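Asker: The number in our numbering is simply the position in the sequence shown, starting from 1, with 1 added. Every residue, glycine too, gets a C-beta built ideally from N, C-alpha and C. Note that the structure is predicted; figures quoted are calculated from it, not measured. Could you have a look at this structure, given as structure tokens, before my questions?
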Amino acid sequence: MSTDRGQEVARALADAFLGAPVWLPSALLARAELVIGARPPWLAAVAVTAATAYQEPPRDAPGELAGFLAASSALEAGLLAGNPTVTARGRRRRAPVRVVRRLPASTAMGRTRWPVVPLDDLGDLARLLDVDPGHVAWYADGQGRQRLDPPGRLHLYRRAWLPRPGRTPRLLEVPTPRLRRVHRLVLDQVLAPVPAHPAAHGFVPGRSALTGARQHVGAGVVVSMDLLSFFATVHVRRVYWVLRTAGYPEPVASALAGICTVATPVADLRAMPAGGDDQERSALRRALAAPHLPQGSPSAPHLANLCAQRLDRRLAGYAGSVGAVYTRYADDLTFSGRFRAGPLISGVGAVVREEGFRLNVDKTRVRGRGSRQSVTGIVVNERPTVPRPEYDALRAQLFNAARRGPSARDLAEHPDLRAHLTGRVAWVAQLDPERGRRLRALLDRVDWSGPAS
């Protein structure tokens, strides 16, 4: 049934059915009569059809139930038959079926495999976020108003383009403090209990670039590949289905997906700086114009992992079939083992395309045992370690700072230079304790009382 009237009747009946005290044809029929203001003979068939198709009320899926009713022959026949009525002159006629009353749907959580916080309806979501229902709708921006509104203080994101010489620029979209608090709540209360795929090592508690790199130590061949515009290509429908899989009813999943995604305003798209080829720039603009994960939100990294679950599952299975090991760190894909690189690259490309992502083919690298094999910046030929040029540069910087104090240039580049260098030394120590000890000794000798002249 494709008519607007038919869709309206189906939605109204679905909502009414889900509010029935018991899931029996008689109870559904009583609710349906309130919706259309009559009890024509065909209405009982619609109630029986719903009660038979669903053994229990699909309280998490009012839209699915409405779609089922709209496609059913029982409702189609009923709409053709109409409602029998009697005119003022006593003549019988059939009036078109119309919705005379909308009854609220009673939604509830569906089945879930994880200990997520239960949210049966939008009221529960508003209470979790500690906002009123109007703010839930504003944050979700279901009508896409923010994309067309002129820049102003009511916009929910602050944006900045990050130029990258010779490459397509990257857009940073940072939620305002209020929305950031909401995203953090969603991450901690809703998303955190849902696990990422074992192959994902970025933004996963207990995993890191190092845990991912360790999977590839001593391999005969290491192939590195890169997903193009990863966050921008994770669109709102992917997020919605992650939340539905977690058990959230359709209205809650839709609102949460809207809250966690954003469509970049036209003015910001027009402000894209130079860099990259025309095809990549156009593809990025198209992706950003649709609701997508914002790079700069605290909930985006974990959501990206969850939305890439099927990609990870397929790539891990494909890798295993050719004797390879697969890991992913954000948009970096790595495969290692003993295999022919060409067929693997072709196979991975096919899977990536089928899953709706794109590879940045210019960043694909194949490294054999005779070359430096690097995974997310970590050398893995024999053991995980920092690349020698990076170690030498850091050692030289620390040596000069220990002799003459930190340079004014270094301080200008890193206002908290001490914390920056401490973090870099700790990273080296995690990979190579002996090298880390040497660098730590140099760091301890630095006089931080003032910059060198």
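Taking just the CA atoms, how far does ALA288 sit from ALA394?
Answerer: Taking the straight line from one Cα to the other gives about 38 Å.
Asker: In terms of residue numbering, what span does the alpha helix (DSSP H) encompassing ASP16 cover?
Answerer: Run containing ASP16: 5-19, per the alpha helix (DSSP H) assignment.
Asker: Give me the residue from ALA138, ALA78, GLN296 with the minimum Cα distance to TRP162.
Answerer: It is GLN296 whose Cα lies nearest to the Cα of TRP162.
Asker: Going by beta carbon distance, what residues of the same chain come within less than 8 Å of GLY7, once the five residues before and after it are set aside?
Answerer: Excluding sequence neighbours, GLY7 sits near ALA71, LEU76, GLU77, LEU80.
Asker: Could you name the residues that DSSP lists as bridge partners for ARG114?
Answerer: Bridge partners of ARG114: none, in fact.
Asker: With 16 as the cutoff for other CB atoms within 10 Å, does ASP16 come out buried or exposed?
Answerer: Buried: at least 16 other Cβ atoms inside 10 Å.
Asker: Quick one: complete alpha helix (DSSP H) runs, 4+ long, within the stretch 256-287?
Answerer: Correct list: 267-271.
Asker: Taking the alpha carbon of ALA254 as the reference point, which residue from ALA301, LEU244, THR262 has its own alpha carbon closest?
Answerer: The shortest Cα separation from ALA254 among ALA301, LEU244, THR262 belongs to LEU244.
Asker: Could you name the residues of the same chain whose beta carbon sits closer than 7 Å to that of LEU29, not counting the 5 residues immediately before and after it, in chain order?
Answerer: Counting only Cβ-Cβ distances below 7 Å, and skipping sequence neighbours, we find PHE18, ALA21, ALA48, ALA51, ALA52.
Asker: Which residue comes first and which comes last in the alpha helix (DSSP H) that contains ALA31?
Answerer: Unbroken alpha helix (DSSP H) run through ALA31: 26-37.
Asker: Which residues bound the alpha helix (DSSP H) around GLY348?
Answerer: Residues 342-355.
Asker: According to DSSP, ASP227 sits in a beta bridge with which residue or residues?
Answerer: In DSSP, ASP227 forms a bridge with ASP333.
Asker: Alpha carbon to alpha carbon, how far is ALA67 from GLY38? Give it in angstroms, no decimals.
Answerer: The straight-line gap from Cα to Cα measures roughly 19 Å.
Asker: Decide if ARG271 is buried, meaning its Cβ has at least 16 other Cβ atoms within 10 Å, or exposed.
Answerer: When all chains shown are included, ARG271 counts as exposed.
Asker: In the structure shown, what three-state DSSP assignment does HIS217 receive?
Answerer: It is coil, neither helix nor strand.
Asker: Taking the beta carbon of TRP1 as the centre, do at least 16 other beta carbons fall within 10 Å, making it buried, or is it exposed?
Answerer: The structure shown does not extend to residue 1, since the chain is modelled only from 2 through 454, so no value can be given for it.
Asker: With 16 as the cutoff for other CB atoms within 10 Å, does VAL362 come out buried or exposed?
Answerer: The residue in question, VAL362, is exposed, as its Cβ has fewer than 16 Cβ neighbours within 10 Å.
Asker: Classify HIS293: buried if its beta carbon has 16 or more other beta carbons within 10 angstroms, exposed otherwise.
Answerer: Buried.
Asker: In angstroms, rounded to a whole number, what distance separates the CA positions of VAL240 and ALA200?
Answerer: Distance between the alpha carbons of VAL240 and ALA200 is about 19 Å.
Asker: Quick one: what's TYR158 bridged to in DSSP?
Answerer: According to DSSP, which records beta bridges pairwise, TYR158 is partnered with PRO176.
Asker: Helix, strand or coil: how does DSSP classify VAL447 here?
Answerer: Reduced to three states, the DSSP call for VAL447 is coil.
Asker: If contacts are defined as beta-carbon pairs under 8 Å, then THR169 and GLY276 qualify, I think. What distance do you get, rounded to the angstrom?
Answerer: Yes, they are in contact, since the Cβ atoms of THR169 and GLY276 sit about 6 Å apart, within 8 Å.
Asker: Taking just the CA atoms, how far does SER408 sit from LEU444?
Answerer: Their backbone Cα atoms lie some 14 Å apart in a straight line.
Asker: I need the straight-line Cα distance from PRO42 to ASN84, nearest angstrom please.
Answerer: For PRO42 and ASN84, the distance between alpha carbons rounds to 9 Å.
Asker: Mind checking whether ALA420 and VAL447 have CB atoms under 8 Å apart?
Answerer: Not in contact: ALA420 and VAL447 (Cβ atoms no closer than 8 Å).
Asker: Would you identify the three-state DSSP class for GLY338, choosing helix, strand or coil?
Answerer: Strand, per DSSP.
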